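These notes concern the structure reproduced below.
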Amino acid sequence: MPTFTANDLNIFYVEQGHGEAVVFIPGLGGDHLLWRRQISTFASHFRAIAIDNRGAGQSDHPDIPYSIEQMADDVAGLLDALGIDRAHIIGASMGGFIAQMFALRHPHRLNRLILCCTSFGGPNVVPMPPESLAVFTHRTGDPETDLRRVWAISVTERFLREHPEALEEYVAWRVAHPQPLHAYQRQLAAAMAFDLEARVHEIRAPTLIAHGAEDRVVPVENARRLHARIPHSRLVIFPEAGHLFFIEQAEAFNRVAIAFLKGEEVSL
12 MPTFTANDLN IFYVEQGHGE AVVFIPGLGG DHLLWRRQIS TFASHFRAIA IDNRGAGQSD
72 HPDIPYSIEQ MADDVAGLLD ALGIDRAHII GASMGGFIAQ MFALRHPHRL NRLILCCTSF
132 GGPNVVPMPP ESLAVFTHRT GDPETDLRRV WAISVTERFL REHPEALEEY VAWRVAHPQP
192 LHAYQRQLAA AMAFDLEARV HEIRAPTLIA HGAEDRVVPV ENARRLHARI PHSRLVIFPE
252 AGHLFFIEQA EAFNRVAIAF LKGEEVSL
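Residue numbers for the sequence shown follow the working numbering, beginning at 12 and rising by one.
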């Protein structure tokens, strides 16, 4: 299985296709499977690469402090390992934190940036609703139950009802590739410490901010605030979609994102 070494950790990734590189970064607890509905489609246009962040998926899970800065540097290490000078970066939720940090720490290696269901962090974001926060911070002790609770707040009730197979696929994969509790807690601590409000205006790469209108994890107002602070950014809000809008409305997101990365007109 493809891995590379960054800061003495083995980091897992998958790739498909040829051309300009696009790196997909998952969110808290997630791995490359999060982007299954994107990889094959993007691979028809780009070299599509998805990383498992430290502490998740098939990457190493050390019980040491993690930071968003480290995870951004892991992405730079991925580019080094694959001999890639510059890449487009797509990050979702915590992966959006990592993508923003990459844009500031490694601007010379970034082509275009897509930030999905994310925020600039810190005290001035619109907070997660308390009932959603409890799902992420209070674990039941049963991994499958926890996975089902997270999925239920991450998609709309309509998608949950109409696509039960998506939930079962997610649960089966995550049960087969479990994240140790300590690694989840280390990722969560890194995400909660993230705050780029004072610096996010420094991002100069062409940026698309994409969000689901019915996001119950990162309220959609955060996308508008991020859009207001990143110069010349574009904002696309997907109606009737939740936190994982790029799964719920994969075809629409893929079309918009590919057009943006190619420098074409972006619209729903």
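All C-beta atoms, glycine included, are put in the ideal place defined by N, C-alpha and C.
Please read these numbers as outputs of a predicted model, since none were measured by experiment.
Per DSSP, residue i forms a beta bridge with which residues?
i, result
"Gly132", "Asp206"
"Thr218", "Leu124"
"Val247", "Ala221"
"Glu26", "Ile60"
"Thr14", "Phe23"
"Gly102", "Ile36, Leu126"
Relative to the alpha-carbon of residue i, which residue among the options has its alpha-carbon at the smallest distance?
i, options, result
"Phe15", "His119, Ala92, Ile100, Glu213", "Ala92"
"Ala202", "Ile62, Met105, Leu126", "Met105"
"His119", "Ile220, Leu199, Arg97, Phe256", "Arg97"
"Ile22", "Gly66, Ile214, Gly41", "Gly66"
"Val33", "Glu275, Asn122, Pro250, Gly94", "Asn122"
"Leu45", "Asp63, His29, Val231", "Asp63"
"Leu89", "Ala17, His117, Ala114", "Ala17"
"Val267", "Glu168, Leu124, Val231, Ile79", "Leu124"
"Val228", "Arg48, Gln49, Trp162, Asn135", "Trp162"
"His254", "Ile79, Leu20, Ser165", "Ser165"
"His29", "Ser51, Ile36, Gly41", "Ser51"
"His174", "Pro37, Ser78, Asn265, Ile258", "Ile258"
"Ala213", "Arg116, Ile101, Ala87", "As written in the sequence, residue 213 is Glu, which differs from the Ala given in the question. Out of Arg116, Ile101, Ala87, Arg116 has the C-alpha closest to the C-alpha of Glu213."
"His222", "Arg185, Glu176, Ala177, Phe264", "Phe264"
"Ala204", "His43, Pro134, Leu178, Pro13", "Pro134"
"Gly68", "Trp184, Glu180, Asp226", "Trp184"
"Thr156", "Phe170, Arg172, Gly274, Glu179", "Glu179"
Residue i and residue j look like a contact to me (Cβ under 8 Å); what is the Cβ gap, rounded to whole Å?
i, j, result
"Asp206", "Gly107", "Between Gly107 and Asp206 the Cβ distance is about 14 Å, and since that is not below 8 Å, they are no contact."
"Pro189", "Pro154", "6 Å"
"Leu199", "Leu20", "Rounded, the Cβ-Cβ distance is 18 Å, inconsistent with contact."
"Leu158", "Val182", "5 Å"
"Gln111", "Val231", "That pair is no contact at about 18 Å."
"Ala261", "Arg48", "4 Å"
"Ile79", "Ile109", "6 Å"
"Val277", "Arg236", "Not a contact, Cβ separation roughly 20 Å."
Going by the beta-carbon positions, is the gap between residue i and residue j smaller than 9 Å?
i, j, result
"Cys127", "Phe256", "yes"
"Ala224", "Glu251", "yes"
"Val247", "Ile269", "no"
"Ala61", "Glu31", "no"
"Ala59", "Thr218", "no"
"Ala234", "Thr167", "no"
"Arg150", "Pro76", "no"
"Ala87", "Gly41", "no"
Using beta carbons (cut-off 9 Å, strictly below), is residue i in contact with chain C?
i, result
"Pro138", "Here chain C cannot be found, since the structure has a single protein chain."
Worksheet item: Is the stretch 144–152 touching the stretch 236–244 in the sense that three or more CB pairs, one from each, lie closer than 8 Å?
Response: Touching, no.
Worksheet item: Does the stretch 48–60 come close enough to the stretch 77–86 to have 3 or more Cβ pairs within less than 8 Å?
Response: With the rule of 3 Cβ pairs closer than 8 Å, the stretch 48–60 does not count as touching the stretch 77–86.
Worksheet item: Are there three or more Cβ pairs, one per stretch, closer than 8 Å when the stretch 186–199 is compared with the stretch 67–77?
Response: Short answer: they touch.
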